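Residue numbers (my numbering): 3 to 455. This report concerns only the one structure given below.
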Amino acid sequence: MSHDSEPQPLTAAPGRPLRGSLRPPGDKSISHRAMILGLLSIGETRVEGLLEGDDVLRTAAAARALGAGMERLGEGRWLVRGVGIGGLSDPSGTLDFGNAGTGSRLMMGVVGGQPVTATFDGDASLRKRPMRRILDPLVRMGTEVVAEAEGGRVPLTLRGPREAIPITYETPAASAQIKSAVLLAGLNAPGVTTVIEREATRDHTERMLRLFGAEVVVTPHGPGGHGRAVALTGQPTLRGTDVSVPADPSSAAFPIVAALIVPGSDVTIRGVMMNPLRTGLITTLLEMGAEIERLDEREEGGETVADLRVRASRLRGVSVPAERAPAMIDEYPILAVAAAFAEGETRMNGLHELRVKESDRLAAVADGLARNGIDHRIEGDDLIVAGADAAPRGGGTVATHLDHRIAMAFLVLGLATREPVTVDDGAMIATSFPSFLPTMRALGAEISEEAAA
Numbered sequence: 003m004s005h006d007s008e009p010q011p012l013t014a015a016p017g018r019p020l021r022g023s024l025r026p027p028g029d030k031s032i033s034h035r036a037m038i039l040g041l042l043s044i045g046e047t048r049v050e051g052l053l054e055g056d057d058v059l060r061t062a063a064a065a066r067a068l069g070a071g072m073e074r075l076g077e078g079r080w081l082v083r084g085v086g087i088g089g090l091s092d093p094s095g096t097l098d099f100g101n102a103g104t105g106s107r108l109m110m111g112v113v114g115g116q117p118v119t120a121t122f123d124g125d126a127s128l129r130k131r132p133m134r135r136i137l138d139p140l141v142r143m144g145t146e147v148v149a150e151a152e153g154g155r156v157p158l159t160l161r162g163p164r165e166a167i168p169i170t171y172e173t174p175a176a177s178a179q180i181k182s183a184v185l186l187a188g189l190n191a192p193g194v195t196t197v198i199e200r201e202a203t204r205d206h207t208e209r210m211l212r213l214f215g216a217e218v219v220v221t222p223h224g225p226g227g228h229g230r231a232v233a234l235t236g237q238p239t240l241r242g243t244d245v246s247v248p249a250d251p252s253s254a255a256f257p258i259v260a261a262l263i264v265p266g267s268d269v270t271i272r273g274v275m276m277n278p279l280r281t282g283l284i285t286t287l288l289e290m291g292a293e294i295e296r297l298d299e300r301e302e303g304g305e306t307v308a309d310l311r312v313r314a315s316r317l318r319g320v321s322v323p324a325e326r327a328p329a330m331i332d333e334y335p336i337l338a339v340a341a342a343f344a345e346g347e348t349r350m351n352g353l354h355e356l357r358v359k360e361s362d363r364l365a366a367v368a369d370g371l372a373r374n375g376i377d378h379r380i381e382g383d384d385l386i387v388a389g390a391d392a393a394p395r396g397g398g399t400v401a402t403h404l405d406h407r408i409a410m411a412f413l414v415l416g417l418a419t420r421e422p423v424t425v426d427d428g429a430m431i432a433t434s435f436p437s438f439l440p441t442m443r444a445l446g447a448e449i450s451e452e453a454a455a
């Protein structure tokens, strides 16, 4: 899917209660990593429940271009034949990642640690996103940046060394993408590569590396043990394995909040990953008084999953601590929507990382709230949303800036405002939740493919 095609406006309108059950698409973070570690393994990796959104398919295409065998066996079922660490081939063309920030940054770590040369590019949104935070540690590991756009952005070309240099690196920001890129480059280093993070970020890379046979040791780090030191022993033999991808909690966030704010709703969301480094939104919503019941907790693909029964609830404003941000960094747009229906103020602290996502999400969320009559303010890196006694007015058209989470968040808003809400483009929703429209409509949501008059 091209993000440079004609915009596809969508309008959500208030209607009947949402009822039913659904399983969100497979987790995007794990889907990316399954493709990448399948490439770097010896033998076959079979993946069940892969998110077949545009972002992940771009990563799969890049893995194929670097030498992996790729076969789609059915819906969400893929077979990856790996080439092993050190076995990658120079791709014949540019690796086009579209809008995939995670896929591009993780694959830079792969290429940066291997004796190959590859050019990375993407759509207009990806070309604006900073890559210097990834390139800096890779250069220390022996990667050569052959060419780059201004400010270390794509398009850029990397040439990896015969063997990467093992380093100890403290990340400048709480970012699982930085950590993962360094660890993936360290796979081809003759020694131990250590990443130190002051605040623990999502740990899917560490978990999956172990699943494929790598030695990874994680220890608490820093005051109170809030940070982590992640040590990877380089040059392991990774073996292809079976990966079952749980449902993505970041995608589940949208029907969860929709069920909370649309009066009379009762929705069950099946198989949602409950990794504590990904459930910050659920923790926050429970603090706000959300009626979310965790059912049938179980293990799938090395992760804890559960079914969630969500019923319409009377929410109250809370203060969200900055240290929770890594566990819910993608969920702040939809939390801002929930906050608009809460009694009192909700303060979201320490959102500086939102400024460097698919869009400046902090500015985009604030603009969308303003267009729909929702009282809010930004103080430094904090977003404060004031709820009201009555449902928000709505009626605005929101600029999505090619950001799938902005689009879905404000469509959810429109399901419970007094007037319909339009987003200027919903095409990019396919990057993470291809079935969003039919899934929400099956619950009873009124979302049309024409802008409100």
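Glycine included, each C-beta is placed from N, C-alpha and C at the ideal position. Fair warning: this is a prediction, and the values are worked out from it, not measured in the lab.
Residue i - DSSP class collapsed to helix/strand/coil
i	result
G111	helix
V1	This structure leaves residue 1 out entirely; the chain is present only between 3 and 455.
A338	helix
R296	strand
V425	strand
S4	Any answer about S4 is weak, because its pLDDT of 41 lies below 50 and its placement is not dependable; what the coordinates show is given next. In the structure shown, S4 sits in coil (DSSP, three-state: anything other than H, G, I, E or B).
R318	strand
R131	coil
R313	strand
V269	strand
E325	helix
E333	coil
P440	helix
G291	coil
L279	coil
V264	coil
R212	helix
Residue nearest to residue i in terms of C-alpha spacing, selected from the options
i	options	result
I458	A183, V367 and N374	There is simply no residue 458 to check, as the chain begins at 3 and stops at 455 in what is shown.
P335	V156, A255 and L211	A255
G346	M290, D383, A308 and L297	M290
I167	G55, T121, R316 and T145	T145
D377	A249, V387 and G370	V387
G51	V425, S321 and E302	E302
H228	S252, E199, A216 and L234	E199
P275	R48, A308, T441 and A120	In the sequence as presented, Pro is not what sits at residue 275; that position holds Met. Checked all of R48, A308, T441 and A120; the closest Cα to M275 is A308.
P19	A418, A392, I294 and I271	A418
E46	G84, A340 and R60	G84
E299	A260, N277 and V194	N277
L81	T243, T235, A126 and T195	T243
R48	V245, G89 and S23	V245
V322	S177, E8 and T286	T286
P222	P139, V141 and E201	E201
Residues that residue i bridges to, as DSSP identifies them
i	result
P222	R230
A308	V274
E217	According to DSSP, which records beta bridges pairwise, E217 is partnered with nothing at all.
I431	Per DSSP, none; premise fails for I431.
T235	V194
S450	T13
I44	R241
E301	T306
E510	The chain is shown only over 3 to 455; residue 510 falls outside these bounds and no answer can be derived.
Alpha-carbon to alpha-carbon, residue j and residue i
i	j	result
S4	G224	Reliability fails at S4, whose pLDDT of 41 lies under 50, so the model's placement of it is uncertain and the value that follows must be treated cautiously. So the two alpha carbons sit approximately 44 Å from each other.
G352	I331	10 Å
V219	D205	12 Å
G416	R395	9 Å
S43	I32	16 Å
R465	E452	With the chain covering 3 to 455 only, the question about residue 465 has no answer from this structure.
G193	A233	10 Å
V184	T173	10 Å
V147	G162	9 Å
P27	T402	21 Å
D56	T195	31 Å
E305	P248	7 Å
A344	L262	10 Å
A14	A409	11 Å
P117	I87	10 Å
L371	M110	35 Å
E77	D98	23 Å
Residue i: CB within 7 Å of a non-hydrogen atom of the ligand PLP
i	result
L371	In the structure on display, the ligand PLP does not appear, and there are no ligands present to speak of.
Worksheet item: At what residue ranges does the stretch 48-129 contain a whole run of the beta strand (DSSP E), taking only runs of 3 or more?
Response: 71-76, 79-83 and 119-123
Practice prompt. Please list the segments of the alpha helix (DSSP H) lying wholly inside the stretch 139-209, counting only runs of 4 or more residues, in order along the chain.
Written response: 178-188
Item to complete: Jot down the residue ranges of each uninterrupted beta strand (DSSP E) in the stretch 11-42, minimum 3 residues, whole runs only, in chain order.
Response: 12-15 and 21-24
Worksheet entry | Sequence ranges, alpha helix (DSSP H) only - wholly within the stretch 348-418, length at least 4 | 363-373 and 406-416
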